[in-house]
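Protein sequences, first through last, are from chains A and B. The first sequence runs 327 to 611 under this note's numbering. The second sequence runs 15 to 418 under this note's numbering. Read through the structure below, which is laid out as structure tokens, and then see the notes.
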Amino acid sequence: MFTQVLINGLLKGGLYALMAMGMSLIWGVMNIINIAHGSFIMLGAYATYWLFSQFGVDPFVSLPLSMAMMFFLGWLVQKYLINFVVQADIFITLLLTFGIELLINNLALLFWTADVRKVNVSYGAGNFQLLGTTVPAVRLAAFVLALLISAILFYVMNRSRLGRSIRATSQELDAAKLAGVKVGNIYAITFGIGTALAAAAGTLWSILFPIDPTMGGILTLKSFVVTIIGGLGTMLGPLIGGLILGVVEAVGTNWLGSTYENLISFSIFLLVLIFMPKGILGGRD
Amino acid sequence: MKTKTLSRCLSLVLTVSAVLLFAGPGFAAKDVIKLGCATSFTGHLSRTGKLYVDSYKFAVDKVNEAGGVKVGGKNYKLELVFYDDKSEPTESSRLVEKLIAEDKVDFLLGPYSSGVTIPDSIVAQRYRVPMIEGGGASSKIFSRGNKYIFGTLPRAEDYFTSTLEFLKEQKPLAKKIAIVYADDKFDLTVGEGTKAQAPKMGFDIVLFEKYAEGASDFSSILTKIKSAGAEAVLVAGHTGESINFVQQAKELNVTPYLLSLTVGPTEADFRKALGKDADYIYGVASWSPQMNFPGTIFKNTQTFVEEFKKKFGYDPDYHNASAIADIAIYKDAIEYAGTLDRQKVRDAIAKTNLDTIYGKVRFLDNGQIKGTSVVLQNLNGNIFQVYPNMGHNAVFPMPAWNKR
Numbered sequence: 327m328f329t330q331v332l333i334n335g336l337l338k339g340g341l342y343a344l345m346a347m348g349m350s351l352i353w354g355v356m357n358i359i360n361i362a363h364g365s366f367i368m369l370g371a372y373a374t375y376w377l378f379s380q381f382g383v384d385p386f387v388s389l390p391l392s393m394a395m396m397f398f399l400g401w402l403v404q405k406y407l408i409n410f411v412v413q414a415d416i417f418i419t420l421l422l423t424f425g426i427e428l429l430i431n432n433l434a435l436l437f438w439t440a441d442v443r444k445v446n447v448s449y450g451a452g453n454f455q456l457l458g459t460t461v462p463a464v465r466l467a468a469f470v471l472a473l474l475i476s477a478i479l480f481y482v483m484n485r486s487r488l489g490r491s492i493r494a495t496s497q498e499l500d501a502a503k504l505a506g507v508k509v510g511n512i513y514a515i516t517f518g519i520g521t522a523l524a525a526a527a528g529t530l531w532s533i534l535f536p537i538d539p540t541m542g543g544i545l546t547l548k549s550f551v552v553t554i555i556g557g558l559g560t561m562l563g564p565l566i567g568g569l570i571l572g573v574v575e576a577v578g579t580n581w582l583g584s585t586y587e588n589l590i591s592f593s594i595f596l597l598v599l600i601f602m603p604k605g606i607l608g609g610r611d
Numbered sequence: 015m016k017t018k019t020l021s022r023c024l025s026l027v028l029t030v031s032a033v034l035l036f037a038g039p040g041f042a043a044k045d046v047i048k049l050g051c052a053t054s055f056t057g058h059l060s061r062t063g064k065l066y067v068d069s070y071k072f073a074v075d076k077v078n079e080a081g082g083v084k085v086g087g088k089n090y091k092l093e094l095v096f097y098d099d100k101s102e103p104t105e106s107s108r109l110v111e112k113l114i115a116e117d118k119v120d121f122l123l124g125p126y127s128s129g130v131t132i133p134d135s136i137v138a139q140r141y142r143v144p145m146i147e148g149g150g151a152s153s154k155i156f157s158r159g160n161k162y163i164f165g166t167l168p169r170a171e172d173y174f175t176s177t178l179e180f181l182k183e184q185k186p187l188a189k190k191i192a193i194v195y196a197d198d199k200f201d202l203t204v205g206e207g208t209k210a211q212a213p214k215m216g217f218d219i220v221l222f223e224k225y226a227e228g229a230s231d232f233s234s235i236l237t238k239i240k241s242a243g244a245e246a247v248l249v250a251g252h253t254g255e256s257i258n259f260v261q262q263a264k265e266l267n268v269t270p271y272l273l274s275l276t277v278g279p280t281e282a283d284f285r286k287a288l289g290k291d292a293d294y295i296y297g298v299a300s301w302s303p304q305m306n307f308p309g310t311i312f313k314n315t316q317t318f319v320e321e322f323k324k325k326f327g328y329d330p331d332y333h334n335a336s337a338i339a340d341i342a343i344y345k346d347a348i349e350y351a352g353t354l355d356r357q358k359v360r361d362a363i364a365k366t367n368l369d370t371i372y373g374k375v376r377f378l379d380n381g382q383i384k385g386t387s388v389v390l391q392n393l394n395g396n397i398f399q400v401y402p403n404m405g406h407n408a409v410f411p412m413p414a415w416n417k418r
């Protein structure tokens, strides 16, 4: 039974990691805590849902498409809204993203109603046996995809010109400007990448769980916790944070009971803040 | 200068609001009975809240078409006054107060869910305005000696009674049962009521666990259910959670003889979201569209189901039927009392003995309906009442996920 609990936790952790990656990136580069992150995940999930239910596009096929759409949306939101306050006090950006969250959620409620919906793929609940445990196939696929996207992001950030510009902007704004980095563009692109990652998480979420317009709130919180646990300013942070949170939650709820899931995740969050304020991987670069 | 503009603005606002205030009651026609209702148009309960709104409107239209409510030889039309409580209890009770004090409604209809109904019912009691509600079944609503609250959902403690009786009659006997419930007021009462009852009927409870309302991941609970070897799994939760639970039961290959969930299996959304996986899942309800009772607003249950489907395009479930009954009870009680006096109407409601499409309505002394629940099962994309048997046989045990 313990192996099963561990597998449940790891697979969930992969999804948490992907969810938090976008938030961590935007936070690290722009010092913006994006309260609307969960709403972007929700939009990604709905993009997948509509593509699936209206046109029969398989979620794994539509993933790049919904990521591209959300990249564009994020780019617009940053360029024409957030950009005006990006240098302002953190509370201003908090308020703005909070406002964006309210707007997105309520528009979604208005147009799509609060109906609980589900992307119902034929292989949706498939599973296989491994070492005496049951491994849900789609969760495993989501997990692998989360790792894959992390790896791509890691590569882009460390090897490409774009990645270097993004990191330079986050580490030393003035020096980056001097070196010819177009900071405004970099911000918009970073925000776009962040929302595209949210869309990827939303797509995977929509295969695994039912979706509704208000699903984002708790996901923002979870992403926040994962980001803090993993540590800001590193691409590996969300991955480590996500896996830790997933496993701790699985083991914890197994031991204490499911009603305490949030108690467990926020206790971990507090402990990390007290003993490792920079997160598990934080402060090394 | 600034203060002048401010005071000018202020006086304008005051004048406008004064005009609105005095003009307000003037618009209201005299021969109208106003029913006030603050319920969930938005927020996490709005999906089920909509079922009540649809039904209240439908029933009121029907009553008005048929001439309205007769009081002292005069025909009154019913009028609904709605507010959106955003699914929040504090907001809801504030709006109920507004309905009474500002909109001057004659009587109240309840919101959806037990947690919201409790504060609302307390406001109703404070102003001595009768409230008939069709969406809250927790005993915590009815255990406060509140004389003004009447509910048309049966006692939460008894929700799974019929399921346990059904299990006793089946072979193989599912002796080991798991009870899983959300940690809100209603489901807590269901869970604890079932826990108290099951051992008396000879069942062993191998797992008794609650989860946080709105939870999406049940892998931990399902893993425990599997390792405890539960043969029947009873879940008290909400639609979204139910869909998750069933899907993840399949993911983790958990196949008890019976999997029953309180809210979800009766709703069209549940079948739409799960597709074929909804088959064989059991549910409970105080009512099913397969029943047939003579009604007052509608001829009988079957004509109601037919007309409802035609108008709204979805199958009514027990929420809808309960709401229809609420309106029927008001019509009956007001006509019986022969006055709009709230106290007299309250006394008339307490004495209700009425045939409705929801079944015979009589109230217990605490204001809750005398009633039981039935066992339902999803079969071939449809929901059927299987206990008490009305001609559709249950499939028991549920076939394994990989043998369907």
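The beta carbon of each residue, even a glycine, is placed where N, CA and C say it ideally should be.
Residue contact with chain A for I257/B: present (Cβ-Cβ distance below 8 Å to some residue of chain A). Within the same chain, and ignoring the five residues on either side of S256/B in sequence, the residues whose Cβ sits closer than 6 Å to its Cβ are L275 and G278. Neighbours of T253/B across chain A, judged by C-beta separation under 7 Å: V442. Residues of the segment 524-554 of chain A with a C-beta less than 7 Å from any C-beta of chain B: F535, P536, D538 and T540, listed in chain order. Within the same chain, E93, V95, V119 and D120 come within 6 Å of K48/B by CB-CB distance, once the 5 residues on both sides are set aside. The beta carbon of K154/B sits closer than 8 Å to those of S128, I132, K199 and T203, all from its chain and outside the five residues before and after it, given in chain order. Sequence-distant partners of V411/A (beyond 5 residues in either direction) whose C-beta falls short of 7 Å from its own C-beta, in its chain, are I418, T419 and L422. In the displayed model, P603/A falls within coil according to three-state DSSP, outside both helix and strand. Nearest C-alpha to A343/A among T459/A, L545/A, F381/A and N357/A: L545/A. In summary, the residues of the segment 331-346 of chain A whose CB is separated from some CB of chain B by less than 7 Å are V331, N334 and K338, in the order they occur in the chain. Taking the Cα positions, I114/B is about 8 Å away from L122/B. Note that the segment 354-361 of chain A does not touch the segment 234-253 of chain B; fewer than 3 beta-carbon pairs, one per stretch, sit closer than 8 Å. Only E223, K224, Y225, A226, G228, A229, S230 and D231 from the segment 217-231 of chain B bring a Cβ to less than 8 Å from some Cβ of chain A. Remark: fewer than three beta-carbon pairs, one from each stretch, lie closer than 8 Å, so the segment 375-391 of chain A and the segment 493-510 of chain A are not flagged as touching. The beta carbon of R465/A sits closer than 8 Å to some beta carbon of chain B. Comparing alpha-carbon positions, the option among L599/A, G572/A, I533/A and L582/A lying closest to A287/B turns out to be I533/A. Boundaries of the alpha helix (DSSP H) around S532/A: V509 to L534. When beta bridges are read from the DSSP output, R443/A appears opposite I537/A. Around the CB of D379/B, fewer than 16 other CB atoms lie within 10 Å, so the residue is classed as exposed. DSSP places S127/B in the coil class of the three-state scheme, outside both helix and strand. Straight-line spacing of the CA atoms in S392/A and N446/A works out to 17 Å. By a beta-carbon distance limit of 8 Å, G205/B does not contact I219/B. Their separation comes to about 10 Å.
Nearest CB-CB separation between E427/A and chain B: not below the 8 Å threshold.
At a cut-off of 8 Å, the C-beta of L266/B has a neighbouring C-beta in chain A.
As computed with DSSP, L393/B is found in a beta bridge with N396/B.
T208/B does not reach chain A, its nearest Cβ partner there being about 17 Å away, counting only Cβ pairs nearer than 7 Å. The continuous stretches of beta strand (DSSP E) do not include E349/B, which lies in the alpha helix (DSSP H) extending over residues Y332 to A351. If you check each beta-carbon in the segment 579-593 of chain A against every beta-carbon of chain B, the ones closer than 7 Å belong to T579, N580, G583, S584, T585, E587 and N588. Residue burial is scored here from C-beta neighbours: T579/A has at least 16 other C-beta atoms within 10 angstroms and is therefore classed as buried. With fewer than 16 neighbouring CB atoms inside 10 Å of its own CB, E320/B falls in the exposed class. Ranked by how close their Cα comes to the Cα of F592/A, the residues F398/A, G563/A, L558/A and T553/A have T553/A in first place. Of the candidates Y97/B, I295/B, K76/B and W301/B, K76/B places its Cα closest to the Cα of A342/B. Taking C-beta separations shorter than 6 Å and ignoring five residues to either side along the sequence, the partners of M368/A in its chain run M541 and G542, following chain order. Under DSSP, Q455/A shares a beta bridge with T460/A. According to DSSP, M327/A shares a beta bridge with no other residue.
At a cut-off of 8 Å between beta carbons, P462/A contacts chain B.
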